[in-house]
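*Asks:* Quick one: the structure is below, and I'll ask about it shortly.
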Amino acid sequence: MVIYKNRVMKWVEGARYRLVVAGGNGAGSDLYQLNWPRGLFVDEIGTVYVSDCSNQRVVCWTRGATEGIVLVGGNGAGNRSNQLYDPEGLSIDNRGHLYVVDRKNTRVQKFELLSS
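Mapping to my numbering: the sequence shown position 38 is 42, numbers consecutive.
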């Protein structure tokens, strides 16, 4: 994960070039951008989950996607259940629960991810 470049990159062993898997279009709040990515989780099918700290949200990027999908947050900084305030670390358990370290609210929030 490259914080200052606002992108997540993947290097495959033996490859000559890296692959941008999330962000990489400058800092911003559009769905093709990240702004200060802080936490990362990759699931077994290659979906990349990113805590997008300055955008107060968690986004996921499916394999080959050019835009992310906002999973939680994105409603401005705050302490309501649909808001985050500088999210950092994140994890997903085997039951589909997303846990987000909500740093400035000094809490860990738990969300249930909907499966398709």
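The beta carbon of each residue, even a glycine, is placed where N, CA and C say it ideally should be. All values reported here derive from a predicted model rather than from experimental measurement.
So who's on the other strand from R20, going by DSSP bridges?
*Replies:* Looking up residue 20 in the sequence shown gives position 16. When DSSP reads this structure, R20 sits in no beta bridge, so it has no partner.
*Asks:* If you draw a straight line from the alpha carbon of D90 to that of C57, how long is it in whole angstroms?
*Replies:* On the sequence shown, position 86 is the one that residue 90 refers to. On the sequence shown, position 53 is the one that residue 57 refers to. Our two residues, D90 and C57, have alpha carbons roughly 5 Å apart in a direct line.
*Asks:* Per DSSP, what are the beta-bridge partners of D106 in this structure?
*Replies:* In the sequence shown, counting from the first residue as 1, residue 106 sits at position 102. Answer by DSSP bridge pairing, in chain order: P91, R111.
*Asks:* Using only the alpha-carbon positions, how far apart do N79 and V112 sit?
*Replies:* In the sequence shown, counting from the first residue as 1, residue 79 sits at position 75. In the sequence shown, counting from the first residue as 1, residue 112 sits at position 108. Approximately 17 Å between the Cα atoms of the pair.
*Asks:* Would you call S55 buried or exposed, if buried means 16 or more other Cβ atoms sit within 10 Å of its Cβ?
*Replies:* Taking the first residue of the sequence shown as position 1, residue 55 is located at position 51. Its Cβ being crowded by 16 or more others within 10 Å, S55 is buried.
*Asks:* Which partner residues of K2 appear in the DSSP bridge assignment?
*Replies:* Nothing about residue 2 can be reported from this structure: the residues present for the chain run from 5 to 120 only.
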